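Peer 1: Residue numbers (our numbering), protein chains in the order written: chain A, 10 to 441; chain B, 10 to 441.
All C-beta atoms, glycine included, are put in the ideal place defined by N, C-alpha and C.
No experiment lies behind these values; they were computed from the predicted model shown.
Protein chains: 2
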Amino acid sequence: MKPARVALIGMGTIGSGVARLLLEQKDRIARHAGRPVELAYVVDTDTRRKRNFTLPAGLLTDDLHAVLRDAEVSVAVELVGGLEPARSIVIQLLESGKNIVTANKALLAEHGRELFDKAREKGLSIAFEGAVAGGIPIIASINECLIANQVESIHAILNGTSNFILTQMEENGTDYAAALAEAQQCGYAEANPFMDVSGSDAAQKLAILAHLAFSAHVNWREISRTGIDIVTAGDMQFAKELGYSIKLLAVAERAPEGLELHVSPTMVRLGTPLADVRGAYNAIRIIGDAVGRVFFHGLGAGQMPTASAVVSDIVDTILGRMAITFKTSDLWSDGREALIQPRNPADVQGRFYLRFNVDDRPGVMADIAGILGKHHISIASLIQHENEEESRSVPLVIMTHSAPEGAMQNALQAIGVLSSVHPGTVRMRVRN
Amino acid sequence: MKPARVALIGMGTIGSGVARLLLEQKDRIARHAGRPVELAYVVDTDTRRKRNFTLPAGLLTDDLHAVLRDAEVSVAVELVGGLEPARSIVIQLLESGKNIVTANKALLAEHGRELFDKAREKGLSIAFEGAVAGGIPIIASINECLIANQVESIHAILNGTSNFILTQMEENGTDYAAALAEAQQCGYAEANPFMDVSGSDAAQKLAILAHLAFSAHVNWREISRTGIDIVTAGDMQFAKELGYSIKLLAVAERAPEGLELHVSPTMVRLGTPLADVRGAYNAIRIIGDAVGRVFFHGLGAGQMPTASAVVSDIVDTILGRMAITFKTSDLWSDGREALIQPRNPADVQGRFYLRFNVDDRPGVMADIAGILGKHHISIASLIQHENEEESRSVPLVIMTHSAPEGAMQNALQAIGVLSSVHPGTVRMRVRN
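(1) Please determine if the stretch 411-424 of chain B and the stretch 333-346 of chain B are in contact, where contact requires at least 3 C-beta pairs separated by less than 8 angstroms.
(2) Name the DSSP bridge partner or partners of B/Ile217?
(3) Can you look up A/Met20 in the DSSP assignment and give me helix, strand or coil?
(4) Taking A/Gly382 as part of the alpha helix (DSSP H), name the residues at either end of that continuous run.
(5) B/Arg401: buried (16+ other C-beta within 10 angstroms of its C-beta) or exposed?
(6) Check for me: the beta strand (DSSP E) holding A/Met331 runs from which residue to which?
(7) Is B/Pro202 helix, strand or coil when you go by DSSP?
(8) In whole angstroms, what separates the C-alpha of B/Arg234 from that of B/Met313?
(9) Taking A/Ser150 as the query, report the chain B residues whose CB atoms sit under 7 angstroms from its CB, ordered along the chain.
(10) In or out: B/Met10 buried (at least 16 other Cβ within 10 Å) or exposed?
(11) Smallest Cα separation from A/Ile386: which of A/Val403, A/Asn419, A/Asp369, A/Asn396?
(12) To the nearest angstrom, report how far apart A/Lys341 and B/Gly91 are at their CA atoms.
(13) Could you check whether the stretch 123-142 of chain B touches the stretch 43-53 of chain B, counting it as contact only if at least three pairs of C-beta atoms, one from each stretch, sit closer than 8 angstroms?
(14) Tell me the DSSP secondary structure of B/Arg29 in three-state form.
(15) Assuming B/Gly307 and A/Phe304 are in contact, meaning their beta carbons sit under 8 angstroms apart, how far apart are those beta carbons, in whole angstroms?
(16) Cutting at 8 angstroms between CB atoms, please list the residues of its own chain near B/Ser338, excluding the five before and the five after it.
(17) Buried or exposed for B/Asn396, going by 16 or more other Cβ atoms inside 10 Å?
(18) According to the Cβ coordinates, are B/Arg352 and B/Ala264 closer than 8 angstroms?
(19) Out of A/Leu77, A/Ser83, A/Arg57, which has the shortest C-alpha to C-alpha gap to A/Ala13?
(20) Counting only Cβ pairs nearer than 8 angstroms, list the residues of chain B close to A/Arg330.
(21) Using a C-beta cutoff of 8 angstroms, does B/Glu33 count as contacting chain A?
(22) Which whole runs of the beta strand (DSSP E) in the stretch 132-213 of chain A are 3 residues long or more, in chain order?
(23) Give the secondary structure of B/Lys107 by DSSP, where H, G and I count as helix, E and B as strand, and everything else as coil.
(24) Beta-carbon within less than 6 angstroms of A/Glu262's beta-carbon, same chain only, minus the 5 sequence neighbours each way: which residues are those?
(25) Whole angstroms is fine: what's the gap from B/Tyr362's alpha carbon to B/Gly182's?
(26) If the cut is a Cβ gap below 7 angstroms, which residues of chain A does B/Ser342 touch?
(27) For the alpha helix (DSSP H) holding B/Glu414, just list the boundary residues, first then last.
(28) Indicate whether at least one CB of chain A lies closer than 8 angstroms to the CB of B/Phe305.
(29) Please classify B/Leu92: does DSSP put it in a helix, a strand, or coil?
(30) Residue ranges of each beta strand (DSSP E) run of no fewer than 3 residues wholly in the stretch 44-92 of chain B, ordered along the chain?
(31) Among B/Lys35, B/Ala375, B/Leu17, which residue has its Cα nearest to the Cα of B/Thr54?
(32) For A/Lys214, I'd like the list of residues in its chain whose CB is within less than 6 angstroms of its CB, leaving aside the five on either flank, ordered along the chain.
(33) At a Cβ threshold of 8 angstroms, is A/Ala299 touching chain B?
(34) Tell me, please, whether the stretch 237-257 of chain B touches the stretch 324-336 of chain B by the rule of three or more beta-carbon pairs shorter than 8 angstroms.
(35) Take B/Asp210 as the anchor and find which of B/Val426, B/Ser254, B/Asp126, B/Gly236 has the nearest alpha-carbon.
(36) How close, in whole Å, do the beta carbons of A/Thr315 and A/Gly144 come, if the pair is a contact with beta carbons under 8 angstroms?
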């Protein structure tokens, strides 16, 4: 049977992994694709850089047009990353009739509508299993295997970098800065870690999952999010004392009033599966009305886990399965009615962990409790340790009962004005 | 668009769940199938029994021929269970041009070859996501999402009944008989629990997974298996003392000498994900050479989780995705070369937990240790508590280092002959 010709755009870490699988595991892949899969082009602007995988001579080029002109190439894999030039490249590839495989969640979260419209217009498909949770087959699971269900909720650890940093802090007692430096040394965090540690990367992935699982149209920028850079070694201690682990949790949950979405460092009870997710792993807990609770755990990023997902998408596209999936799932489309609207973040209820740095003098606790009470936020438990070091300020930790995010923000604003409360108040969610 | 007509054969527990989803969630299912899905027939020999779901009048019939004659029915769902008449029914349905969806692992493990050959001959497909691990999308994951990988190992809890019983024993300190009775009362175990508690059900499912993941031809009867009925309350205590939980583990692992397969109550270290699987849940841990470790956890049986899997198969079949998957995966076929042979069970190495009931007198320990040594089995640790009750026999627990199953069997046979060793020796595997 005639080989299927594939082009790879972007020879970075993931690209090298995909090239390695396509070249070194030819037999395995041909068996599953029903024909040989030929890596015909690898396009990268930098054709000279040393990589950890050496391509056969003649494969690497900086000429995207060679791919665009080759009518035999039916699948193009975008692994450039980021928004531009990735977006323009994908548009050009679609214009020239290539089906797309990508692992670029930022691109989908930002330009999904435009790209999917273009693919539909051209009768092509876009596959993106590698864009969320790397090696965990979560896109196919939601989009194909759980379709009999109304998904009720998703609770997920979607950013391996943040989870690595939090695990370092928890296991070694290090502070955030030291754990981040460690993550950067190990290659788990980039020089500029903003997208990862701010919760933005997790919010983009959550927006994609919410789109699939709830048929919701979600703008990732409108998802309420808090980063892990607020978490201190002291918070880790308090969490342990209270029986929790701190995880950057991405949550989407159906409520009668709408879809509740947030990304936040969250206290997760020790001994539960999400609390046991360590290092660079990801995990996703889904509740469906028929299937009940399903839990997935695996490497959420990294070269080979993501390459594994990308190659399965390539094979799905070659087999024609992806064309069917893409057509019926009708993602990011005007034609696809939004079945639920995101709820106003201010109205989303939750339990909260609050840590204040307060003056160690009488009346402070009464002031704070008074303001919380005025905003109808009720205190579930409280920790203030003896001030053994006789320092001027001491940490005061409050766990609240369920309260709306908006009321919590207003209360914290009022508390922040108190002269006895120092800057650096920390607020995290608590998983019920 | 013209509705897709579906027939359901077998209106038991799972059948009722599938009927409920197809009838009550019409919109949801039509959205995913790209057209309405019409439940056209429900066939059951017993049309009078009260069920927990009432069908619209006229749908239930005991006439299979009505389905066979109706050329508009493209998908038939076999939920009769067992071998016969399920096998004959599926053959007839294939002969009359129906694609099959089934959740019948016994049927596939026993007659997979015949049924798949027939389906191929007729250009039809057989889908079976519900046959293994209920609501966990493990078939699609292995068969579609992880195809870029050489699967290295599968460690799985595949029988919810056994796991429920073991969890009861562990949490309540009850013995096997009481926990089994509890499982029967709760509807988790059948009146005749043999297939579940003997490890046979898990072996059938493991054979199916091994077929998919390793391209191995496995006869489930040749898988070495031990049931959970050997486990006593005392073993549960010893396991806890040693830092383990006891799980009925189904294992398939690649070794240079072949595929190692076994089902056995197994000591799994506390705090690991498999040890945390409780009640009627199932879990599967897969290691792939690209993806690393992936872990799935969910309800492995029960009406709605299994119905969820069956309905996703129905939709996959209607969409035409299943026809592609079925064709390329070429399961249970002569044309599909076995990539690895099952290894002789006697040669499969492993660590073992041994519990003897021995006379409380000098020399016994030396006799047992001597025989183990003669068979080159080395002792890793040992527990013998003081005989506080001054009973004639006391339990002696030995944890071994890695040894071949065959050597272990020979040693136990020799030890069984000792007059100081009473009947009722227990042997379990220990997960490394």
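Peer 2: Reading it off the structure:
(1) no
(2) As a first step, residue 217 of chain B must be located in the second sequence, where it is residue number 208. B/Ile217 is not bridged to any residue.
(3) Against the first sequence, residue 20 of chain A aligns to sequence position 11. Reduced to three states, the DSSP call for A/Met20 is coil.
(4) Position 373 of the first sequence, counted from the first residue, corresponds to residue 382 of chain A. First-last of the alpha helix (DSSP H) with A/Gly382: 373-383.
(5) As a position in the second sequence, residue 401 of chain B is number 392, starting the count at 1. Result: exposed.
(6) Counting from 1 along the first sequence, the entry for residue 331 of chain A is found at position 322. Looking at the DSSP string, A/Met331 is not in any beta strand (DSSP E); the run it does join, the alpha helix (DSSP H), is 330-338.
(7) The sequence position of residue 202 of chain B within the second sequence is 193, counting from 1. Of the three classes helix, strand and coil, the one that applies to B/Pro202 here is coil, per DSSP.
(8) Position 225 of the second sequence, counted from the first residue, corresponds to residue 234 of chain B. Position 304 of the second sequence, counted from the first residue, corresponds to residue 313 of chain B. Going from the Cα of B/Arg234 to the Cα of B/Met313 covers about 29 angstroms.
(9) The residue given as residue 150 of chain A occupies position 141 in the first sequence. The answer, in chain order, is Pro146.
(10) Counting from 1 along the second sequence, the entry for residue 10 of chain B is found at position 1. Exposed, because fewer than 16 other Cβ atoms sit within 10 Å of the Cβ of B/Met10.
(11) In the first sequence, the residue the question calls residue 386 of chain A occupies position 377. Nearest C-alpha to A/Ile386: A/Asn419.
(12) Here residue 341 of chain A refers to the residue found at position 332 when the first sequence is read from its first residue. Here residue 91 of chain B refers to the residue found at position 82 when the second sequence is read from its first residue. This sequence places Trp at residue 341 of chain A; Lys is not what is there. Each residue's alpha carbon lies about 44 angstroms from the other.
(13) no
(14) Reading the second sequence from its first residue, position 20 is the one you call residue 29 of chain B. The answer is helix: DSSP assigns B/Arg29 an H, G or I state.
(15) Against the second sequence, residue 307 of chain B aligns to sequence position 298. Against the first sequence, residue 304 of chain A aligns to sequence position 295. About 7 angstroms separates the two Cβ atoms, so the contact holds.
(16) The residue given as residue 338 of chain B occupies position 329 in the second sequence. If we look at B/Ser338 and ignore the five residues flanking it on each side, its Cβ neighbours are Asn152, Leu221.
(17) For the purposes of this step, residue 396 of chain B is identified with residue 387 of the second sequence, where counting begins at 1. Exposed, by the Cβ-count rule.
(18) Here residue 352 of chain B refers to the residue found at position 343 when the second sequence is read from its first residue. Here residue 264 of chain B refers to the residue found at position 255 when the second sequence is read from its first residue. Yes, these two residues count as a Cβ contact at 8 angstroms.
(19) By one-based count along the first sequence, residue 13 of chain A stands at place 4. Ranking A/Leu77, A/Ser83, A/Arg57 by Cα distance to A/Ala13 puts A/Ser83 first.
(20) Here residue 330 of chain A refers to the residue found at position 321 of the first sequence. Those are Glu153, Arg330, Ile333, Thr334, listed as they occur along chain B.
(21) Reading the second sequence from its first residue, position 24 is the one you call residue 33 of chain B. Output row for B/Glu33: interface = no.
(22) 160-166
(23) For the purposes of this step, residue 107 of chain B is taken as the residue at position 98 of the second sequence. Coil, per DSSP.
(24) Position 253 of the first sequence holds residue 262 of chain A. Same-chain partners within the cutoff: Ser162, Glu269.
(25) For this step, residue 362 of chain B is matched to residue 353 along the second sequence. For this step, residue 182 of chain B is matched to residue 173 along the second sequence. Rounded to the nearest angstrom, the two C-alpha atoms are 20 angstroms apart.
(26) Mapped onto the second sequence, residue 342 of chain B falls at position 333. Chain A residues near B/Ser342: none, gap ~12 angstroms exceeds 7 angstroms.
(27) Here residue 414 of chain B is taken as the residue at index 405 of the second sequence, counted from 1. Its alpha helix (DSSP H) spans residues 414-425.
(28) Here residue 305 of chain B refers to the residue found at position 296 when the second sequence is read from its first residue. Output row for B/Phe305: interface = yes.
(29) Within the second sequence, the letter at position 83 stands for residue 92 of chain B. Coil at B/Leu92, not helix or strand.
(30) 46-52, 82-87
(31) The residue you call residue 54 of chain B lines up with position 45 of the second sequence. Looking at the Cα atoms, B/Leu17 is the closest of the given residues.
(32) Within the first sequence, numbered from 1, the residue matching residue 214 of chain A stands at position 205. Within the same chain, A/Lys214 has close Cβ partners Lys114, Val141, Leu167.
(33) Residue 299 of chain A sits at position 290 when you count from the first residue of the first sequence. Yes, A/Ala299 lies at the interface with chain B (some Cβ there is under 8 angstroms from its Cβ).
(34) no
(35) Within the second sequence, the letter at position 201 stands for residue 210 of chain B. Closest option to B/Asp210, Cα to Cα, is B/Gly236.
(36) Stepping through the first sequence from its first residue, residue 315 of chain A is reached at position 306. Stepping through the first sequence from its first residue, residue 144 of chain A is reached at position 135. Contact holds; Cβ gap of about 7 angstroms.
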